[in-house]
Amino acid sequence: MATIMLLLLFSTIFTAEAQQAGQPVIRPGSLLTPTGIGGTNTSWLSHSGLYAFGFYKQGNGYAVGIFIAGIPQKTVVWTANRDDPPLPADVKLNFTSDGRLILQSAQGNETRIASSTEVAVAASMLDSGNFVLNNSDNSPIWQSFNQPTDTFLPGQKLTTDQVLFSSRSATDHSTGIFRLIMQQDGWLAMYPVGTPFTLQYGYGGVGVDGEGPDVSLNFDTDGHLYLLNGIGIYIMNITSGSPTKGIIYRFTIDHDGISRHYSHNLDQNGDWKVTWSNPTDVCLQGGLCGINGFCVLNDQDASCKCLPGFKHVNEDNWALGCQKNFSSKSCESNEAVSGYTMEAEPNTIWENANYSMQISPTQEECGQACLRDCNCEAALYKDRECMKQRLPLRFGRRQQSDSTVALIKVGNTSLSTDPIVPKESQNKNRVDIVEWAESKQRVVTCIQKTSS
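The sequence shown lines up with residues -18 to -1, 1 to 434 when you count with mature numbering (1 follows the signal peptide of the UniProt record, and there is no 0).
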């Protein structure tokens, strides 16, 4: 026991001295805390101090991840257990004497940060942005580069079926609603979360037909982003390289579903500069505005609108979509037809999931057909085709080049005229609506995957 304690003491002393010198080697027995309590560190720096592994502020607590610490805009590039709740200030990150990297709560609960069947004897935060656990042979047994979240760094390789998931927002790094995948057909493409990997839902594809499996996305330190086939031959360049001293790069699928290539000049301490993005139309991808909402592009900025008769579930989180702001009538009611009007949104489209299609000579006749059909809650009208649909509606967007008119059945009675509901019940109903919509979307996705 005395020998073990002595080894731990030397290990701790070595780690403290290494931190002061910016040495990237971290030994078992090292400890981090969110606030640096008791003289502990909050993060482990890379040799140059550019990258750090440790705690960063998230929401009303903390998260563990890798961030670029050597610039004014602390930029998170990787997050551990990203969908866990924010961590309290009394948690500890412990590289244990038996080689495990774990979070320890004040109550003694443990959560793994990195999993490996081998014992780690050292860890390193590298200047590439890669955090590595090494065994006694100094070989990596776990590394963050193999577990990407939303960001791709120079030196990383994205291989077949590997996926990047966007973050929920610019400040919330939990899993968002978009994903980027290196497909088996050799194409790099993006999809909304919860949809199958089919052409109907994919967007922003980059690749060359006929290259087959084992294509990889590669990223050089000069910012060069490109595809290689299975035998290492160039297929195509996505961005060009520019070997300029003091420039760092990253490639991120952002929370809005756009993949962007960024550069930052360390000598100028400015903002990140977007050097390439895909797609250029922020509204092209589905899901940005949630169910029953649609995306409108104003110059380069996107905004989310609700369908007529609907309102945002949460004005601060458009991805939650929109909910009805009117009372629905029973199909057996005398007001099943007279209690509604049809409101039009020109040049507006969404996922075509119609249950009925009929020929209607005019837009008005299409609207009347929906009014008479108790099951119809909306319709798309284009070129005499009237496509009836039920709620919820997904992947809506305003597209000026498309002559489609969206027709929405709106009740004549606003919810605001109904008896006052206690605030707690209103919040519960709002949560129930979101949960119902998400549950229905999961069922639809499962059916689509089964049929594809």
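Beta carbons are placed, not taken as given, at the ideal position from N, Cα and C, and that holds for glycine.
Residue i classed as buried or exposed, judged by whether at least 16 other C-beta atoms fall within 10 angstroms
i, result
"Gln40", "buried"
"Ala88", "exposed"
"Ile213", "exposed"
"Thr133", "buried"
"Asp400", "With a pLDDT of 44 at Asp400, under the threshold of 50, the predicted position of this residue should be treated as unreliable, though the coordinate-derived value follows. Per the 10 Å Cβ criterion, exposed."
"Met172", "buried"
"Thr153", "exposed"
"Lys391", "buried"
"Glu359", "buried"
"Pro10", "buried"
"Pro67", "exposed"
"Asn251", "exposed"
"Arg379", "buried"
"Ala361", "buried"
"Asn280", "exposed"
"Asn23", "buried"
"Lys287", "buried"
"Leu181", "exposed"
"Ser25", "buried"
"Gly81", "buried"
"Gln130", "Reading the sequence as shown, one finds Pro at residue 130 and not Gln. That one is buried."
"Gly4", "Because Gly4 carries a pLDDT of 44, less than 50, the predicted location of this residue cannot be relied on, and no value is offered for it."
"Lys227", "exposed"
"Gly192", "exposed"
"Thr177", "buried"
"Lys56", "exposed"
"Val341", "Contrary to the premise, residue 341 reads as Ile rather than Val in this sequence. Exposed is the call here."
"Thr344", "exposed"
"Gly269", "buried"
Expected contact under 8 Å - CB spacing of residue i and residue j to nearest Å
i, j, result
"Gly272", "Cys313", "In fact, because the Cβ distance is near 27 Å, the residues do not count as touching under 8 Å."
"Arg242", "Val256", "5 Å"
"Ser149", "Phe77", "With 8 Å as the limit, Ser149 and Phe77 do not qualify as a contact, their Cβ atoms being about 26 Å apart."
"Cys352", "Lys370", "6 Å"
"Ile8", "Ser126", "Going by Cβ atoms, the distance from Ile8 to Ser126 rounds to 14 Å, so no, they are not a contact pair."
"Thr50", "Val59", "The displayed chain sequence assigns Ile, not Thr, to residue 50. That pair is a contact at about 6 Å."
"Asn211", "Val197", "6 Å"
"Phe201", "Gly137", "7 Å"
"Val46", "Ile95", "6 Å"
"Asn274", "Tyr322", "Actually they do not touch by this definition, with Cβ atoms about 16 Å apart."
"Phe37", "Pro70", "So it is not a contact: roughly 11 Å between Cβ atoms."
"Leu266", "Tyr185", "5 Å"
"Glu327", "Ala388", "4 Å"
"Lys246", "Ile235", "Per the sequence shown, residue 246 should be read as His rather than Lys. So it is not a contact: roughly 18 Å between Cβ atoms."
"His29", "Asp109", "6 Å"
"residue 444", "Ser156", "As displayed, the chain neither begins before -18 nor continues past 434, which places residue 444 out of reach and without an answer."
"Leu27", "Leu75", "At roughly 14 Å, the Cβ-Cβ gap does not stay under 8 Å, so Leu27 and Leu75 are not in contact."
"Glu333", "Arg376", "5 Å"
"Thr99", "Asn63", "Not confirmed; about 19 Å, so no contact."
"Val73", "Leu85", "6 Å"
"Asn329", "Gln381", "6 Å"
Residues that DSSP places opposite residue i in a beta bridge
i, result
"Ile390", "Glu325, Ala360"
"Pro174", "Phe160"
"Thr395", "Thr395 is not bridged to any residue."
"Gln125", "Val114"
"Tyr38", "Ala45"
"Trp60", "Ile48"
"Trp26", "Phe35"
"Arg379", "Cys277, Ile331"
"His155", "Paired residues: none, contrary to the question."
"Val7", "Ser106"
"Ser338", "Lys370"
"Ser148", "In DSSP, Ser148 forms no bridge with anything."
"Leu13", "Asn76"
"Thr133", "Thr234"
"Leu140", "Leu199"
Any C-beta of chain D under 8 Å from that of residue i
i, result
"Val392", "No chain D appears in this structure, which consists of one protein chain only."
Cβ-heavy atom distance, residue i to the ligand PLP, below 7 Å
i, result
"Leu302", "Summarising the ligand content, the structure contains no ligands, and the ligand PLP is consequently not present."
Three or more C-beta pairs below 8 Å linking the region 228 to 242 and the region 159 to 179: Contact between the region 228 to 242 and the region 159 to 179 is present, because at least three Cβ pairs lie under 8 Å.
Pairs of beta-carbons, one from the region 283 to 294 and one from the region 333 to 349, closer than 8 Å: are there three or more? The region 283 to 294, when compared against the region 333 to 349, does not touch it at the 8 Å Cβ threshold.
Between the region 368 to 388 and the region 218 to 225, can you find at least three pairs of beta-carbon atoms closer than 8 Å? no
Just list the beta strand (DSSP E) runs in the region 72 to 122, keeping only unbroken ones of 3 residues or longer that don't cross its boundaries, in chain order. 74 to 77, 83 to 86, 92 to 96, 104 to 107, 113 to 116
In chain order, each beta strand (DSSP E) run of at least 3 residues that lies wholly inside the region 240 to 291: 241 to 247, 255 to 260, 275 to 280, 283 to 288
With a cut-off of 8 Å, do at least 3 Cβ pairs link the region 109 to 122 to the region 166 to 185? no
Where in the region 298 to 322 do unbroken runs of the beta strand (DSSP E), each at least 3 residues long, occur, reported from the N-terminal end onward? 304 to 306
Entirely within the region 184 to 241 and at least 4 residues each: give me those alpha helix (DSSP H) ranges in chain order. none
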